[in-house]
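In the working numbering, the protein residues as written are 31 to 330. Ideal placement from N, C-alpha and C gives every residue a C-beta, glycine not left out. Take a look at the structure below.
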């Protein structure tokens with residue numbers, strides 16, 4: 031919750047505030063029928079152990095200080111979540127940790143962490159507790175340290191940084207073929223939990239990079255996104271957009287834009303309205319919020 035990050039390295043503070051509640055459900059290949067090969071969603075529970083006993087003790091005794099859970103406390107928690115992610119945000123990366131954990135191999139996570147260490151070594155090491163950095167393990171070079179890490183340890187160290195830094199680094203590695211994803215492959219964050227917000231956004235990764243998408247309404251959200259992107263680019267220069275759409279027979283610029291987007295191929299839309307100038311391209315990069323961006327060499 032928020033910027034607290036718990037894992038193999040203990041309790042650490044991340045650069046990024048996240049709503050990453052633990053999940054107690056997971057698909058498992060387990061069935062009483064020996065001929066069944068399907069994955070079934072099961073609910074996991076903890077056995078009797080010291081940690082479970084401590085949690086029960088704390089929950090009971092906290093009531094003495096804070097009282098029972100009330101509607102006011104629930105609303106306060108909801109307000110805390112809303113401050114982290116806007117309810118109507120359509121491009122947040124809340125699902126990114128699930129994508130990293132479930133669709134990237136341990137070797138790929140080490141490649142990502144190696145690049146993050148190259149750029150942010152001081153920041154990452156500074157977030158570890160002193161007793162950890164004083165150990166023999168952390169006196170070695172970054173590459174030597176990374177070679178000894180497990181997948182869980184890599185994931186916790188990666189998540190110490192912000193989502194934008196992580197996403198930009200992954201896309202840079204894909205662009206440089208240091209992480210290879212076939213053109214026909216789209217990686218998803220399954221298994222996952224339902225994310226917060228009006229849209230049930232999930233993260234996907236392909237050879238084009240990372241995107242946040244609502245799989246239920248993929249066509250509608252794609253149309254809305256490019257429309258709002260164009261409106262944002264031309265917000266300070268509406269007359270230029272009106273001039274570019276002058277040949278379309280509609281009553282106003284907004285309906286002209288709708289018709290233009292329906293009739294034109296997306297590649298044509300991008301070439302004519304977005305990549306037509308350096309200023310518009312920079313506004314596009316800013317609007318898209320996350321990822322590795324560079325200026326195209328030419329119009330394709």
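Alpha-carbon to alpha-carbon, residue 197 and residue 142: Along the chain shown, read from residue 1 onward, the residue named residue 142 stands at position 112. Along the chain shown, read from residue 1 onward, the residue named residue 197 stands at position 167. Their Cα atoms are separated by approximately 10 Å.
Does DSSP classify residue 159 as helix, strand or coil? Numbered from 1 along the chain shown, position 129 holds the residue referred to as residue 159. DSSP places residue 159 in coil when its eight states are reduced to three.
Please state if the CB of residue 322 and the CB of residue 205 are separated by a distance shorter than 8 Å. Numbered from its first residue, the chain shown carries residue 205 at position 175. Numbered from its first residue, the chain shown carries residue 322 at position 292. In this structure, residue 205 places its C-beta atom within 8 Å of the C-beta atom of residue 322.
Let me know the secondary structure DSSP gives residue 33 once reduced to three states. As a position in the chain shown, residue 33 is number 3, starting the count at 1. In the structure shown, residue 33 sits in a strand (DSSP, three-state: E or B).
Are the beta-carbon atoms belonging to residue 320 and residue 123 less than 8 Å from one another? For the purposes of this step, residue 320 is taken as residue 290 along the chain shown, with counting starting at 1. For the purposes of this step, residue 123 is taken as residue 93 along the chain shown, with counting starting at 1. Judged by beta-carbon spacing, residue 123 lies within the 8 Å limit of residue 320, meaning their Cβ atoms are closer than that value.
Taking three-plus beta-carbon pairs below 8 Å as touching, is the region 123-140 in contact with the region 181-188? Short answer: they touch.
For residue 41, the three-state DSSP class (helix, strand or coil): Stepping through the chain shown from its first residue, residue 41 is reached at position 11. In this structure, residue 41 counts as strand in the three-state DSSP scheme.
Would you tell me roughly how many angstroms separate the C-alpha atoms of residue 304 and residue 247, rounded to the nearest one? By 1-based counting over the chain shown, the position of residue 304 is 274. By 1-based counting over the chain shown, the position of residue 247 is 217. Counting only the Cα atoms, residue 247 lies some 24 Å from residue 304.
Using 8 Å as the threshold, is the C-beta distance between residue 159 and residue 37 below it? Your numbering for residue 159 matches position 129 in the chain shown. Your numbering for residue 37 matches position 7 in the chain shown. No, Cβ-Cβ distance for residue 159 and residue 37 is not below 8 Å.
Over the uninterrupted beta strand (DSSP E) stretch that includes residue 57, give me the two end residues. Numbered from its first residue, the chain shown carries residue 57 at position 27. 55-58 is the extent of the beta strand (DSSP E) around residue 57.
Residue ranges of each beta strand (DSSP E) within the region 187-274, 3 or longer: Under the rule that a run must span 3 or more residues, the beta strand (DSSP E) segments found entirely inside the region 187-274 read 231-236, 239-244.
Can you name, in chain order, every residue of its own chain whose Cβ lies under 6 Å from the Cβ of residue 311, other than the five neighbours on each side? Here residue 311 corresponds to residue number 281 of the chain shown, with the count starting at 1. The residues are 305.
Give the single residue among 298, 295, 49, 271 whose Cα lies nearest to the Cα of residue 285. Position 255 of the chain shown, counting from 1, holds the residue named residue 285. In this structure, 271 is the residue among 298, 295, 49, 271 with its C-alpha nearest to the C-alpha of residue 285.
So what does residue 73 bridge to, in DSSP terms? Numbered from 1 along the chain shown, position 43 holds the residue referred to as residue 73. DSSP lists 55 as partners of residue 73.
Helix or strand or just coil, what does DSSP make of residue 169? What you label residue 169 is simply residue 139 of the chain shown in a count that begins at 1. Looking at residue 169 - three-state DSSP - the assignment turns out to be helix.
Straight-line CA distance for residue 101 to residue 84? The residue labelled residue 101 in the question sits at position 71 within the chain shown. The residue labelled residue 84 in the question sits at position 54 within the chain shown. Distance between the alpha carbons of residue 101 and residue 84: 26 Å.
How long is the line joining the alpha carbons of residue 63 and residue 70, rounded to whole angstroms? Locating residue 63 in the chain shown gives position 33, counting from the first residue. Locating residue 70 in the chain shown gives position 40, counting from the first residue. Going from the Cα of residue 63 to the Cα of residue 70 covers about 12 Å.
How is residue 148 classed by DSSP in three states: helix, strand or coil? Residue 148 sits at position 118 when you count from the first residue of the chain shown. Residue 148: helix per DSSP, three-state reduction.
Cβ-based burial, residue 40 [other Cβ within 10 Å; buried from 16]: Position 10 of the chain shown, counting from 1, holds the residue named residue 40. Burial state of residue 40 is exposed, judged by a 10 Å Cβ sphere holding fewer than 16 other Cβ atoms.
Pair within 8 Å by beta-carbon distance, residue 189 and residue 35: As a first step, residue 189 must be located in the chain shown, where it is residue number 159. As a first step, residue 35 must be located in the chain shown, where it is residue number 5. Yes, Cβ-Cβ distance for residue 189 and residue 35 is below 8 Å.
Counted within 10 angstroms of its Cβ, other Cβ atoms place residue 174 as buried (16 or more) or exposed: Numbered from 1 along the chain shown, position 144 holds the residue referred to as residue 174. With fewer than 16 other Cβ atoms within 10 Å, it is exposed.
Top-ranked residue by Cα proximity to residue 140, from 301, 231, 153, 209: One-based indexing of the chain shown puts residue 140 at position 110. Nearest of 301, 231, 153, 209 to residue 140, Cα basis: 209.
Distance, Cα to Cα, residue 148 vs residue 192? What you label residue 148 is simply residue 118 of the chain shown in a count that begins at 1. What you label residue 192 is simply residue 162 of the chain shown in a count that begins at 1. Cα to Cα, the separation comes out at about 15 Å.
Looking at the structure shown, is residue 48 part of a helix, part of a strand, or coil, going by DSSP? For this step, residue 48 is matched to residue 18 along the chain shown. Three-state result, residue 48: strand.
Using C-beta distances below 6 Å, list every residue in its chain close to residue 260, excluding the 5 sequence neighbours before and after it, in chain order. For this step, residue 260 is matched to residue 230 along the chain shown. Correct list, in chain order: 303.
Using beta-carbon positions only, say whether residue 237 and residue 200 come within less than 8 Å of one another. For the purposes of this step, residue 237 is identified with residue 207 of the chain shown, where counting begins at 1. For the purposes of this step, residue 200 is identified with residue 170 of the chain shown, where counting begins at 1. No. Outside cutoff.
Spatial neighbours of residue 46 within its chain, please: CB distance less than 6 Å, with the 5 preceding and 5 following residues excluded, ordered by chain position. In the chain shown, residue 46 corresponds to position 16, counting from 1. Once the five neighbours on either side are set aside, the close Cβ partners of residue 46 are 192, 193.
Comparing C-alpha positions only, which one of 152, 55, 90, 67 sits nearest to residue 76? Counting from one through the chain shown, the residue named residue 76 turns up at place 46. Distances from the CA of residue 76 to each of 152, 55, 90, 67 were compared; the closest alpha carbon is that of 55.
Quick check: what's the CA-CA separation for residue 289 versus residue 241? Residue numbering aside, residue 289 sits at position 259 when the chain shown is read from its first letter. Residue numbering aside, residue 241 sits at position 211 when the chain shown is read from its first letter. Those two C-alpha atoms are separated by around 26 Å.
Between which two residues does the alpha helix (DSSP H) holding residue 178 run? Counted from its first residue, the chain shown places residue 178 at position 148. Counting along the chain, residue 178 falls outside any alpha helix (DSSP H), and DSSP gives it neither H nor E.
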